[in-house]
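Asker:
2 protein chains.
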Amino acid sequence: MPDQPPRARRRTAQKKAVSEALEAADGFVSAQELHRRLSDDGQTAGLATVYRQLNTLAQDGEAHVVTTPAGQLFRACEAGAHHHHHLICESCGRAVEISPPHEDWLPRVAEDNGFSISHHQMEVFGLCADCRAKSTGA
Amino acid sequence: MPDQPPRARRRTAQKKAVSEALEAADGFVSAQELHRRLSDDGQTAGLATVYRQLNTLAQDGEAHVVTTPAGQLFRACEAGAHHHHHLICESCGRAVEISPPHEDWLPRVAEDNGFSISHHQMEVFGLCADCRAKSTGA
DNA sequence: ATGCGTGCAAACGATTTGCAGAGAA
DNA sequence: TTCTCTGCAAATCGTTTGCACGCAT
Chain A
230 MPDQPPRARR
240 RTAQKKAVSE
250 ALEAADGFVS
260 AQELHRRLSD
270 DGQTAGLATV
280 YRQLNTLAQD
290 GEAHVVTTPA
300 GQLFRACEAG
310 AHHHHHLICE
320 SCGRAVEISP
330 PHEDWLPRVA
340 EDNGFSISHH
350 QMEVFGLCAD
360 CRAKSTGA
Chain B
230 MPDQPPRARR
240 RTAQKKAVSE
250 ALEAADGFVS
260 AQELHRRLSD
270 DGQTAGLATV
280 YRQLNTLAQD
290 GEAHVVTTPA
300 GQLFRACEAG
310 AHHHHHLICE
320 SCGRAVEISP
330 PHEDWLPRVA
340 EDNGFSISHH
350 QMEVFGLCAD
360 CRAKSTGA
C-alpha cells in the first residue's frame, strides 16, 4: 500500500478564519462554539465547513482533539510538535501542555502484557486559577 | 448542598443480566454490543434499559467508561477498587489494568500551573498478543 | 478549464427521555 | 400499596454527507 500523495489543499478564506479562530482560542473549543465565535465576529463559515476544516487540521496534525461524552473539543497545536498532553480547565477550556513521566514506562508495560501500543491518550481536567477564583467569589 | 441520600436501587432480572454480561466481557464493550450479546443469549432487556443500567453502574463506580469518537465503552470494575487505567485491545476490547507512575506527579504540575485537578483519564490502545497473531497470520 | 471547498439541508447514529404498565419492596 | 424499573418509540444532538455552485489553482 503506497502512501497516498497528500491531498491537495487550497487556501480559502474559511480555512484561514477557522484556524485563526482556533489559535486565538488558547484552549479547547467545540466545533459549535468555534462556529458561534466566527459568526459573532462577522465571519461567514457554515457549521459543516467548520467541522470539515477542524477534522482536516486534526488529520494534518495541526490540532489536537479530545473526545468527551459531550462531543469533541479541538485545540491548535503545531504540526511537528513533540508528543504531549494537556491540563484542561473544565470551565473556560484553557489548556496547558504537560509531559507526563510515562513515555518510557509505557513500552515496558505493553511488552509485559503482550500488547503492541498503537496510541494512547491522557487528559487532566480541573479548574484554572482564574475560574477557581470566580467560582469561589460567586 | 447536603449530599443526596443514595437513590434506592431495586434488584431486577435485567440489572443482574446486564452486570453479569458486563463482567463476562473481560474487556470494554459498547452498550449496543452488550445488548446484542444479551439478546443472543436469550435474555430480554431493552436497549434503553441496558444504557440506563450501564450508566447506573458507572455512577456507582462499578464500571469504567471510556469515550471514543465512536461512542462509549464500558467495563466492569469493582466499586472500591484502587484508581487505575487500562491497556485496551482495539480489536477485541480485552483490557488490562495498569497503574502509571504519574499519580504523585500530577498534583505537582497542577499546582505549578495554578490548576486544581478534578479528574483525569488515560487509556492506552493497542493490540493484544492474540489479536496481533491473528492479524499477522491472516 | 478543473475539481476542491463551501453552504445548506437532509441523513446518521449513539444516547436519552416520556409515558404507561410491571414488578420489587 | 407505593414507587422504581422496564419497554417501546419518539426525541435529542453532535457530527457527517449529498449535491450544486463558487472560487482557487
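So the sequences go chain by chain: A and B.
Note that our numbering has the first sequence beginning at 230, numbered continuously upward.
Note that our numbering has the second sequence beginning at 230, numbered continuously upward.
Even glycine gets a Cβ: it sits at the ideal position worked out from N, Cα and C.
1) Counting Cβ pairs closer than 8 Å, one from the region 316-327 of chain A and one from the region 335-355 of chain B, do we hit at least three?
2) What residue range is occupied by the uninterrupted alpha helix (DSSP H) comprising residue 262 of chain B?
3) Would you tell me roughly how many angstroms separate the C-alpha atoms of residue 273 of chain A and residue 305 of chain B, rounded to the nearest one?
4) How many Å lie between residue 309 of chain B and residue 294 of chain B at the Cα?
5) Taking 8 Å as the CB-CB cut-off, is residue 315 of chain A touching chain B?
6) For residue 307 of chain B and residue 322 of chain A, what's the separation of their Cα atoms in angstroms?
7) If we cut at 8 Å on Cβ distances, does residue 303 of chain B have a partner in chain A?
8) Should residue 350 of chain B be flagged as near chain A, meaning a C-beta pair shorter than 8 Å?
9) Taking only the alpha-carbon atoms, compute the straight-line gap between residue 250 of chain B and residue 280 of chain A and give it to the nearest angstrom.
10) Any chance you could list the alpha helix (DSSP H) runs of at least 4 consecutive residues sitting entirely within the region 304-341 of chain A, in chain order?
11) In chain B, what lies closer than 7 Å to residue 262 of chain A by C-beta?
Answerer: Result, derived from the coordinates:
1) Contact between the region 316-327 of chain A and the region 335-355 of chain B is present, because at least three Cβ pairs lie under 8 Å.
2) As a working mapping, residue 262 of chain B is identified with position 33 in the second sequence. First-last of the alpha helix (DSSP H) with residue 262 of chain B: 260-269.
3) On the first sequence, position 44 is the one that residue 273 of chain A refers to. On the second sequence, position 76 is the one that residue 305 of chain B refers to. If you take the alpha carbons of residue 273 of chain A and residue 305 of chain B, they lie about 47 Å apart.
4) Translated into the one-based positions of the second sequence, residue 309 of chain B becomes position 80. Translated into the one-based positions of the second sequence, residue 294 of chain B becomes position 65. C-alpha separation (whole angstroms): 16 Å.
5) Residue 315 of chain A sits at position 86 when you count from the first residue of the first sequence. Residue 315 of chain A does not count as touching chain B.
6) If you number the second sequence from 1, residue 307 of chain B lands on position 78. If you number the first sequence from 1, residue 322 of chain A lands on position 93. Between residue 307 of chain B and residue 322 of chain A, the C-alpha separation is close to 32 Å.
7) Position 74 of the second sequence, counted from the first residue, corresponds to residue 303 of chain B. Output row for residue 303 of chain B: interface = no.
8) Here the question's residue 350 of chain B lines up with position 121 in the second sequence. Taking a beta-carbon distance threshold of 8 Å, residue 350 of chain B counts as an interface residue toward chain A.
9) In the second sequence, counting from the first residue as 1, residue 250 of chain B sits at position 21. In the first sequence, counting from the first residue as 1, residue 280 of chain A sits at position 51. Distance between the alpha carbons of residue 250 of chain B and residue 280 of chain A is about 37 Å.
10) 335-341
11) Reading the first sequence from its first residue, position 33 is the one you call residue 262 of chain A. What residue 262 of chain A touches in chain B: nothing, since even the nearest Cβ is about 18 Å away.
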